[in-house]
Structures are given as structure tokens and as C-alpha cells.
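Visitor:
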Amino acid sequence: MRPLFAMLILVTAMLFAASLITGPAGLSVVDGLRALLLGGEGPMPIVMREIRLPRAVLGLVVGGGLGLTGAAMQGYLRNPLAEPGLIGVSGMAALGAVLAIQTGLSLSAAMALPLSALLGAGMGAGLLVALAGPRGGSVTLILAGIAISALANAGTALVLNLSPNPYAANEIVFWLMGSLADRSMLHVWLVLPPMVLGAMLIWTTARDLDALTLGENAAAAMGVSPTTLRWRLVAGVALIVGPATAVGGVIGFVGLVVPHILRPWVGARPSALLPASALGGAALVLAADIAVRLILPERDLKLGVLTAIVGAPLFLHLIWKTRSGGRM
Amino acid sequence: MALRIVHSMRGFVRPSRIIAGWLAAMLIAAGAPVTAAPQRVVSMNLCTDQLAMLLAAEGQLISVSHLARDPRMSAMAETAANYPVNHGRAEEIYLLRPDLVIAGQFESGPTLQMLRRLGIRVEVLPPAESIKAIRSGITRMGELLVREDAAADLLAGFDRELARVRSDHYRGKAALYYANGITSGRNTLAGTILDAAGYENIAGDYGVDSTTGLPLELVVMAQPDRLITGAKWPGQSRSEAILDHPALKKLAPDTAEVTDRDWVCGTPFILRAIEALQ
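Chains as they are written, first to last, in the numbering used here: chain E, 248 to 575; chain L, 8 to 285.
1. With a threshold of 9 Å between beta-carbons, can Ala36 of chain L be considered close to chain E, or not?
2. Using beta carbons (cut-off 9 Å, strictly below), is Leu520 of chain E in contact with chain L?
3. Residues of the stretch 351–380 of chain E with a CB closer than 8 Å to any CB of chain L: list them in chain order, please.
4. Using the Cβ count rule (16 or more neighbours within 10 Å means buried), how would you classify Leu531 of chain E?
5. What are the start and end residues of the alpha helix (DSSP H) that includes Ser431 of chain E?
6. Count the C-beta pairs between the stretch 252–269 of chain E and the stretch 290–307 of chain E that are closer than 8 Å, then say yes if the count reaches three, no if not.
7. For Ala416 of chain E, I'd like the list of residues in its chain whose CB is within less than 6 Å of its CB, leaving aside the five on either flank, ordered along the chain.
8. Just by C-beta distance, which residues in the stretch 115–142 of chain L are closer than 9 Å to chain E?
9. Go ahead and pull the three-state DSSP assignment for Glu99 of chain L.
10. Chain E partners of Pro5 of chain L, CB-CB under 8 Å?
11. Can you round the beta-carbon distance between Ala220 of chain L and Asn187 of chain L to whole angstroms, since I take them to be within the 8 Å contact cut?
12. Tell me whether Ser50 of chain L sits in a helix, a strand or coil according to DSSP, three-state version.
13. Please tell me whether Gln349 of chain E has its Cβ less than 9 Å away from any Cβ of chain L.
14. Given a threshold of 16 other Cβ atoms within 10 Å of its Cβ, counted over all protein chains shown, does Ile35 of chain L qualify as buried or as exposed?
15. Would you identify the three-state DSSP class for Ala44 of chain L, choosing helix, strand or coil?
16. At a Cβ cut of 8 Å, what residues of the stretch 533–555 of chain E count as close to chain L, listed as they run along the chain?
17. Can you check whether the C-beta of Asn187 of chain L is within less than 9 Å of a C-beta belonging to chain E?
18. Mind listing which residues of the stretch 413–427 of chain E have their C-beta closer than 8 Å to chain L's C-betas, in chain order?
19. Could you name the residues that DSSP lists as bridge partners for Ser72 of chain L?
20. Output the distance between the C-alpha atoms of Pro473 of chain E and Gly445 of chain E, rounded to the nearest integer angstrom.
21. Does the beta-carbon distance from Arg335 of chain E to Ala399 of chain E come in below 9 Å?
22. Determine the DSSP secondary structure at Tyr414 of chain E, reduced to helix, strand or coil.
23. Can you say whether Val237 of chain E is buried or exposed, counting buried as having 16 or more other CB atoms within 10 angstroms of its CB?
24. Does any residue of chain L bring its CB to less than 9 Å from the CB of Pro290 of chain E?
25. Please report whether the beta-carbon of Ile235 of chain L lies at a distance below 9 Å from any beta-carbon of chain E.
26. With a threshold of 9 Å between beta carbons, is Val276 of chain E in contact with chain L?
27. By the three-class DSSP mapping on this structure, what secondary structure does Tyr177 of chain L have?
28. Looking at the C-beta of Met575 of chain E, does it have a partner C-beta in chain L at a distance below 9 Å?
29. I'd like to know if Lys257 of chain L contacts chain E, where contact means its C-beta is closer than 9 Å to some C-beta of that chain.
30. Just verifying my parser: in three-state terms, what is the DSSP assignment at Glu297 of chain E?
31. Using a beta-carbon distance cut-off of less than 8 Å, what residues from the stretch 142–171 of chain L approach chain E?
32. Do Val591 of chain E and Gly369 of chain E have their CB atoms nearer than 9 Å?
33. At a Cβ cut of 7 Å, what residues of the stretch 215–246 of chain L count as close to chain A, listed as they run along the chain?
34. Of all Cβ atoms in chain E, is any one closer than 9 Å to the Cβ of Ile249 of chain L?
35. Report the option in E:Gly311, E:Pro250, E:Phe252 whose CA atom is closest to the CA atom of Leu533 of chain E.
36. Alpha carbons only, please: which of E:Ile298, E:Glu330, E:Arg430 is nearest the one belonging to Ser524 of chain E?
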């Protein structure tokens, strides 16, 4: 397992560096890194520090957060379909963020944006857990998820269509597909504290999730309180997915693909899957964000397009496995 | 008796009056081109609205588009308040019984086709993106309204003012940057305004001469001396958030300028935009 973590850290670090040196300005690697670290005169430090650095940092934390929450929800619901984007938690966060922006709350207080998204994500996750429950089967989970995400997406589209701003309606696609283009360090500082708090909260559930793999009764016998576990998890997911969605939009499939790929490598132990998925999610979103800049540099291609191209076939693979009698 | 004579004389006067009136009409007609001036003109486009309001005779223009009253986009919003507005729908325009409809190039095709099918004369004016195009737009509007003299006056005034506000010496590099990271190059109205004010457009550095997206990084790398951004609309949008990006603030701290209604249409009002840049 140790080599797996070493490799994941290495890949993530390399992708982070690659994200920093990818951009239309065509700076050389040496010049770019020198401007980033040492600053200096001219436009280069501005490009590196104000444009590329926030983008790379957000790719790292948003991806890491999505991977982590995906693994945690799958561990708790014991269902590989539990993924914040797919089951409406991200959609609710987006609705919260859109409401904060359109009502002008985010202008009067910068923290209103991540807080409102956090509230939306919390409501989405809470509703889902209440509807599907720890024993809920795939059908209940997916039905609840579809209902929540349909409602959230419709709400987002409605709010943006009602806006007096001519650009607002075109932003529906951003909220549904996600993008990290042209974010600033302001956004990084806005989302980092709640996301770190959420990650710490989810980390405390690792041992309980391990116990839960033995079944609810066994877990209860080992001293796991189902109620507190549930609320720690919902709060942790909201603290991560809310702010991540507020700055990056809904980036789907990350929390689905990454834990699925890494699960066999960590012996299906949630406590090991959590950090591995965080690293894997960061790597996936960083890679997707580099790809959108290389494929269509002058268009703002949405991240969700690429993650869906990777994620949807996997989703089909899961369905195939269920149909051929494998347990989901 | 005398009274009766007067009466009969009055009777004789009548035909001569008609003749005199007809002669006068002929004289006027001889002075004007063969086509009769349209009497009920409807304009459907923000830019043709403004040219029409500048040139039309009293009572000739009966309706302008609803955008003409929007002070954020229309340089003649106050004047447009005196005209009934239309919303570019075939039905409402037909009910106005126009004898000439003037539309812009981007008006809805089916609407114009329907108006033509209903037997209404429809003329389309292309958007003016250069000084030359603005001049020919004024001339064309003069011809359509049969107000060539007014058009010639307007054109003379435009040329005179342009010569006054136009800057011949180099003032530095400027960047045009709008919501969603869009810039405008040389072949656009905004590019023409920059050029006339004596600025070099950074879009040219990257081979951009139309209106298209330009990554924020490239704007920063070009180091413009002056940054001109799009106006903010009411309500909030993520598209406009790029205009508040700290990188832009660091780039041109004090020189941010905002494009307003004088930048929208190729009319003599661009002179105000050029002058404001000096």
C-alpha cells in the first residue's frame, strides 16, 4: 500500500507542476517558476501568481475534496454509486451558490458564497441520507439522488433565467459542468478553511467506516454510534462539496471514478481509501484541467465534459456488473 | 349685384388656386429624387433607431425599437422617449401601417420576410464597424428617408468633429476586455474608437481583429497602459467576475475605463467615446 501512496503523491505533484506551466502565455518552465517563487518586475509574476497558481491550487483542493467525499459517502452508504455530483449534493451546493450570487449576498459578505453553497450541499446530503439511509439499496439511493439533483438543477436554471443580467442565463452550463478558469487567490482563501475543516471531520469517521464494513450490528457492537457518524459525515461532505462547487461549479464523476479504481489497491478498507481517493481525485481534476487548456485553449471547455467522458463508461460498467449478477 | 359678381369671381379663382398648388408640388418634386419620401417609417434596430432619429423629418419616424430607450445602450435614450416603441414583432409593426421598415442585419429573418410578404418595404442596414462604414450608413439613411440634405449636414459635422478629436500621436497600448474574457480587434467599432483616439490595440499583438475570446494571461503579458472594460449589468454574473480579477487590478490600477452607450453603435456619438479617451 505504501508504494501506492508514494506513486499517487508523485503523480499529483507532477500534475500540479504541469498545471502551473500550462497556459497560453507560453512562458518557459524556468522563467515561469522563477517568477512564481521570486516575483520580480513585469507581467510574468502576475500571470504565475494571480492566474495560474490559484487555478492549480483549486484543482488540487477541489479534486481532492471530491475524491474524499466520494469515498466517504460510498463507505457510509456501502454503495459505489454514492457520488456528490451524481446524487445531487453538488447540484444543491450550486443552487445555494447561485442564490447567494443573485441575491447580492456574496457582494455584501464574501463568505456568504461558500456558506450558502455549504448550506445547500448540507441540505442535499442530509436529505439523501434521510431518504436512502445506511441500509438503502441502489434503487432508493439513485431515485433520491435523481429527485434532488433534478430539483436543484431546475432551481439553478430558474434563478439564472430570472436574473436581469444578460450573461446569467448562459452560466447554467458552468454550474452544471464546472470550470476552474480565471479564478483568483481570493477564491482559494475563501474555500480553503471550510474544506480543510470538512476533510478533518471526514478523517475522524475513517475507523467507524472500517467498522461499518462488517455490518451495522457489528459496528454498533464495536461502539459506533450511527447517528453521530451520520451527522459528522453529512457535515464533512457539506463543508467540502459546498465551497468546492461555489468556486468550480459541479464537477461530476470524480467521486465515482476515483474510489472505484483505487478500491482494489487498498484492500477495500475505507480508512485507506479515504486518503488515496483524495490524492486520486486531485490528480484527476488537475489532469482534466490541463486537458481543457490543451484541447481548446481559446474556449472555456468545461471540466465536467472531460470527467463525464471518463466517468460515464465506468458507470455503464457498474450497470453491466449488476446485470451479470455481481453485487453492487 | 356686386355681391353676386364677387361670388362668381370667387368661383373663377378656385381652378387657378388648384393649378398654383399643383405647380408648387411639381416644383418640389422636381427638386427631389423620383421616389416619394416615406411618411411612416419604423426602425427596428438600436443603431438604425439613432440614425433615423438624427435624420428624420418631423413626424416621419413613427416608431423606434424598445432598446432605443435603454440608457445603458442607447446614446439617444432621452430623445427616444418621445417615440412609440416596438419590440421587433411582425404583428405590432404591421399594425403601425408603415411604408418603410428599417432593420439591422441581425433582425429576425422570419419577421422581415413576413413584413415583406405583407407588402411592406423593408430595408436592412449593416452594422457600421469603421469610420467609412459610419459615413456610408449616414448617407444611406439619408437616402432611405429622402433627407439627403440633413444627411449631408450631419456628415459634414461628423467629419469636422472627427478631425478635432482624432489623435495623431501615439498614446500607448490599450486593452479592450469584456465579460467572459472577450476582446475586440481592429475590425470592430471599439477597435476603431481606440485607433482614432491614438491607442494601439493589444488584440493586434495576438492577431485578433474581430471580437473573440482572449485568455486573461495574454492580456497581462501584453502589459497595456490602459484597460477598457465592458459596463457591468444589473444583477450578478460569473461572466463579469473576470473584470474584477486581481490580475487586471494589478495590471492597470488607475486607468480602467468602461465602455458605455457611446461605444455600442456606429453613429456620430462615437466621437464622445473617442474624446473621453483623450
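We treat Cβ as the ideally placed atom computed from N, Cα and C, and that holds for glycine.
Guide: Reading from the atomic positions:
1. Because Ala36 of chain L sits at a pLDDT of 45, beneath the cut-off of 50, its placement in the model cannot be relied upon, and the following sentence gives the value as read from the coordinates. Taking 9 Å as the threshold, the shortest C-beta distance from Ala36 of chain L to chain E does not fall below it.
2. It does not; no Cβ of chain L falls within 9 Å.
3. Within the stretch 351–380 of chain E, Gly351, Ser353, Leu354 place their CB atoms closer than 8 Å to a CB of chain L, listed in sequence order.
4. Buried: at least 16 other Cβ atoms inside 10 Å.
5. Unbroken run through Ser431 of chain E: none, as it is neither H nor E.
6. Put simply, the stretch 252–269 of chain E touches the stretch 290–307 of chain E. At least three CB pairs are less than 8 Å apart.
7. Here the set comprises Leu407, Asn408.
8. Taking 9 Å as the Cβ-Cβ cut-off against chain E, none of the residues of the stretch 115–142 of chain L qualify.
9. Reduced to three states, the DSSP call for Glu99 of chain L is helix.
10. Examination of residue 5 of chain L is not possible in this model, given that chain L is present from 8 through 285 alone.
11. Note that residue 220 of chain L is Gly in the sequence shown, not Ala. About 7 Å; that satisfies the 8 Å criterion.
12. DSSP, read as helix, strand or coil, puts Ser50 of chain L in strand.
13. Contact of Gln349 of chain E with chain L is assigned, a C-beta pair being separated by under 9 Å.
14. Unreliable placement is indicated for Ile35 of chain L, whose pLDDT of 49 sits below 50; no coordinate value is reported for it.
15. Correct three-state label for Ala44 of chain L: coil.
16. Cβ contacts with chain L come from Pro544, Glu545, Arg546, Asp547.
17. Contact with chain E is found for Asn187 of chain L, since one of that chain's Cβ atoms lies less than 9 Å from the residue's Cβ.
18. So the close ones are Pro413, Tyr414, Ala415, Asn417, Glu418, Phe421.
19. DSSP output for Ser72 of chain L lists L:Asn93 as bridge partner(s).
20. Going from the Cα of Pro473 of chain E to the Cα of Gly445 of chain E covers about 19 Å.
21. Sequence check: residue 335 of chain E is Gly here, not Arg. In this structure, Gly335 of chain E places its C-beta atom within 9 Å of the C-beta atom of Ala399 of chain E.
22. It is coil, neither helix nor strand.
23. For residue 237 of chain E there is no data in the structure shown, the boundaries of chain E being 248 and 575.
24. Output row for Pro290 of chain E: interface = yes.
25. The Cβ of Ile235 of chain L sits no closer than 9 Å to any Cβ of chain E.
26. No, Val276 of chain E lies away from the interface with chain L (no Cβ there is under 9 Å from its Cβ).
27. Coil at Tyr177 of chain L, not helix or strand.
28. Confidence at Met575 of chain E is low in this model, with a pLDDT of 46, below 50, so the placement of that residue is unreliable and no value is reported for it.
29. It does: the Cβ of Lys257 of chain L has a partner Cβ on chain E nearer than 9 Å.
30. DSSP places Glu297 of chain E in helix when its eight states are reduced to three.
31. The residues in question: there are none.
32. Residue 591 of chain E falls outside the range modelled here, since chain E spans only 248 to 575, and no answer is possible.
33. Looking for chain A here will not work: the only protein chains present are E and L.
34. It does: the Cβ of Ile249 of chain L has a partner Cβ on chain E nearer than 9 Å.
35. Distances from the CA of Leu533 of chain E to each of E:Gly311, E:Pro250, E:Phe252 were compared; the closest alpha carbon is that of E:Gly311.
36. Taking the Cα of Ser524 of chain E as reference, the smallest distance to any Cα among E:Ile298, E:Glu330, E:Arg430 is reached at E:Glu330.
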